[in-house]
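J.: Just dropping this structure here.
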DNA sequence: TTGCTTGCAAAGGATTTGCAACATG
DNA sequence: CATGTTGCAAATCCTTTGCAAGCAA
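Residue numbers (the working numbering), protein chains in the order written: chain A, 88 to 248; chain B, 88 to 248.
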């Protein structure tokens, strides 16, 4: 399983005349073990716990390589940090993000995927990828929010204009 | 038209005990005149052309206020800069982004909007907003790309895992 | 060996903030 | 007038880079 991914990474490195190093092995290992969306800093802390000498820059560099190799997917939830998730056992998916607790849930809706394709076709675009993030309140936070009184919703002027 | 938006902004400021200033007027004016997705720097340059004394920081501060007031929408295409578009005459829309020339086209698909709502419902989420960006090649770039030979597609390992 | 890599610190780029002078209500 | 506001520069934050020393092939 992991060895499969490692082989792919080694192949990628070899093709580019790059080398497999202890650091790259370790960082990839730790990255693959974690599910979810990891920031470079979070990954760095995990790595440092195992190998205190590894530098932040190396983690950034490896993440970039993994992205290039197609092994990691970069996402940006607008927090000011990029996040990465490995593709092992992770097919494409969209996100349902709770604006209160910040937790994200991965979802896929085939019907939407097809309509996206159609939409692109309609405008003559060839679609290569997409991102869809739905923001709202998760069931748990919804309940809490109701108790705390109605949320002071962000002003939406669209109706007024 | 613009005056309507200005009134809203003034109302927003008043409610918060903030003041309407020359700079805020000017920045809002210029912001409203421009269609499309403006970065703070771009807006700053436009503003500076009219009022050289205005500082970058003020532009950033006003954009943040406009966002809070619900008059500006913040988007992030992953370029390392945030972009803002005013909501005047701009209902909600998604983006079709060309990965070659970078141009974006605004689209809306009612069927997709409805399915997004359903998708959220299915998981018990109350949806407040979403972002959907479709990446691909626009018709023009598609033609150019064909002449230049097949694109060396990014490795997609998902099938192999 | 010959490069590619690494860790460190410095550099970068975007955005924010502290502050004294300055407007606004 | 009491406060909020501004422009500037310095400070932050995340990320990238230059470089000398250290490894992999």
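Note that the Cβ used here is the ideal one computed from N, Cα and C, for glycine as well.
Name the two residues that bound the continuous alpha helix (DSSP H) containing residue 172(B).
T.: The residue given as residue 172(B) occupies position 85 in the second chain. Counting along the chain, residue 172(B) falls outside any alpha helix (DSSP H), though it belongs to the beta strand (DSSP E) covering 170-173.
J.: Looking only at its own chain, which residues have a Cβ that is under 7 Å from the Cβ of residue 131(A), when we skip the five neighbours before and after it?
T.: Here residue 131(A) is taken as the residue at index 44 of the first chain, counted from 1. 143, 146, listed in sequence order.
J.: Provide the residue(s) that pair with residue 160(A) in DSSP beta bridges, ordered along the chain.
T.: On the first chain, position 73 is the one that residue 160(A) refers to. Residue 160(A) pairs with 172(A).
J.: Could you pull the start and end residues of the beta strand (DSSP E) that residue 192(A) belongs to?
T.: As a working mapping, residue 192(A) is identified with position 105 in the first chain. First-last of the beta strand (DSSP E) with residue 192(A): 191-194.
J.: In angstroms with no decimal places, state the Cα-to-Cα distance between residue 186(A) and residue 102(A).
T.: Taking the first residue of the first chain as position 1, residue 186(A) is located at position 99. Taking the first residue of the first chain as position 1, residue 102(A) is located at position 15. Rounded to whole angstroms, residue 186(A) to residue 102(A) spans 42 Å at the Cα level.
J.: Among residues of its own chain, excluding the 5 on either side of residue 93(A), which ones have a beta-carbon nearer than 6 Å to its beta-carbon?
T.: The residue you call residue 93(A) lines up with position 6 of the first chain. Same-chain partners within the cutoff: there are none.
J.: What's the call for residue 243(B), buried or exposed, on a 16-neighbour Cβ count within 10 Å?
T.: Here the question's residue 243(B) lines up with position 156 in the second chain. In this prediction, residue 243(B) has a pLDDT of 46, which is less than 50 and means its spatial position is unreliable; nothing more can be read from the coordinates.
J.: Of the residues that make up the segment 213-231 of chain A, which ones have a beta carbon closer than 7 Å to any beta carbon in chain B?
T.: The segment 213-231 of chain A vs chain B, Cβ under 7 Å: 213, 214, 215, 216, 217, 218, 219, 220, 221, 222, 223, 224, 225, 226, 229.
J.: Which residue's Cα is closest to the Cα of residue 184(A): 106(B), 120(B), 215(B), 107(B)?
T.: Indexing the first chain from 1 puts residue 184(A) at position 97. For residue 184(A), the nearest C-alpha among the options comes from 215(B).
J.: Just the chain B side, please: which residues come within less than 8 Å of residue 110(A) by C-beta, in chain order?
T.: The sequence position of residue 110(A) within the first chain is 23, counting from 1. Those do not exist, as residue 110(A) stays about 22 Å from chain B at its closest Cβ, beyond 8 Å.
J.: Check whether the segment 190-202 of chain B and the segment 133-140 of chain B touch, using three or more Cβ-Cβ pairs below 8 Å as the test.
T.: They do not touch, by the three-pair rule.
J.: What separation, rounded to the nearest whole angstrom, lies between the Cα atoms of residue 191(A) and residue 170(A)?
T.: Locating residue 191(A) in the first chain gives position 104, counting from the first residue. Locating residue 170(A) in the first chain gives position 83, counting from the first residue. In a straight line, the C-alpha of residue 191(A) is about 12 Å away from that of residue 170(A).
J.: Touching or not, the segment 111-125 of chain B and the segment 217-232 of chain A, by the rule of three or more beta carbon pairs under 8 Å?
T.: Taking 8 Å as the limit for Cβ pairs, the verdict is that the segment 217-232 of chain A does not touch the segment 111-125 of chain B.
J.: Can you have a look at residue 174(B) and say buried or exposed, based on whether 16 or more other CB atoms are within 10 angstroms of its CB?
T.: The count along the second chain starts at 1 and reaches residue 174(B) at position 87. Residue 174(B) should be labelled buried.
J.: Between residue 119(B) and chain A, is the shortest Cβ-Cβ distance under 7 Å, so that the two count as touching?
T.: Reading the second chain from its first residue, position 32 is the one you call residue 119(B). Cβ-Cβ to chain A under 7 Å: no for residue 119(B).
J.: Name, please, each residue of chain B whose Cβ falls closer than 9 Å to the Cβ of residue 210(A).
T.: Position 123 of the first chain, counted from the first residue, corresponds to residue 210(A). The contacting residues are 183, 192, 194, 225, 226.
J.: Note down, in chain order, each residue of its chain lying with its Cβ closer than 6 Å to the Cβ of residue 247(B), except the 5 sequence neighbours on either side.
T.: Stepping through the second chain from its first residue, residue 247(B) is reached at position 160. Interpretation of residue 247(B) is limited by its pLDDT of 40, a score under 50 that renders its predicted location unreliable; the figure taken from the coordinates is listed afterwards. Same-chain partners within the cutoff: there are none.
J.: Would you report the Cα separation of residue 109(B) and residue 111(A), rounded to the nearest angstrom?
T.: For this step, residue 109(B) is matched to residue 22 along the second chain. For this step, residue 111(A) is matched to residue 24 along the first chain. So the two alpha carbons sit approximately 55 Å from each other.
J.: Taking the CB atoms as reference points, tell me whether residue 126(A) and residue 168(A) lie closer together than 7 Å.
T.: Indexing the first chain from 1 puts residue 126(A) at position 39. Indexing the first chain from 1 puts residue 168(A) at position 81. Yes, Cβ-Cβ distance for residue 126(A) and residue 168(A) is below 7 Å.
J.: Is DSSP giving residue 126(B) helix, strand or coil here?
T.: The residue you call residue 126(B) lines up with position 39 of the second chain. The answer is coil: DSSP assigns residue 126(B) none of H, G, I, E or B.
J.: Determine the DSSP secondary structure at residue 145(B), reduced to helix, strand or coil.
T.: Indexing the second chain from 1 puts residue 145(B) at position 58. Looking at residue 145(B) - three-state DSSP - the assignment turns out to be helix.
J.: Cα separation between residue 154(A) and residue 179(A)?
T.: As a working note, residue 154(A) is residue 67 in the first chain. As a working note, residue 179(A) is residue 92 in the first chain. Answer to the nearest angstrom: the Cα atoms are 14 Å apart.
J.: Is the CB-CB distance between residue 181(A) and residue 165(B) below 7 Å?
T.: The residue labelled residue 181(A) in the question sits at position 94 within the first chain. The residue labelled residue 165(B) in the question sits at position 78 within the second chain. Contact flag unset, no.
J.: State the beta-bridge partners of residue 185(A) as determined by DSSP.
T.: Taking the first chain and counting its residues from 1, the one referred to as residue 185(A) is at position 98. DSSP, once it has assigned bridges, lists 223(A) as partnering residue 185(A).
J.: Quick check on this structure: which residue in 151(B), 122(B), 157(B), 114(B) has the alpha carbon closest to the alpha carbon of residue 133(B)?
T.: Within the second chain, residue 133(B) is the residue found at index 46, counting from 1. Comparing Cα positions, the closest option is 114(B).
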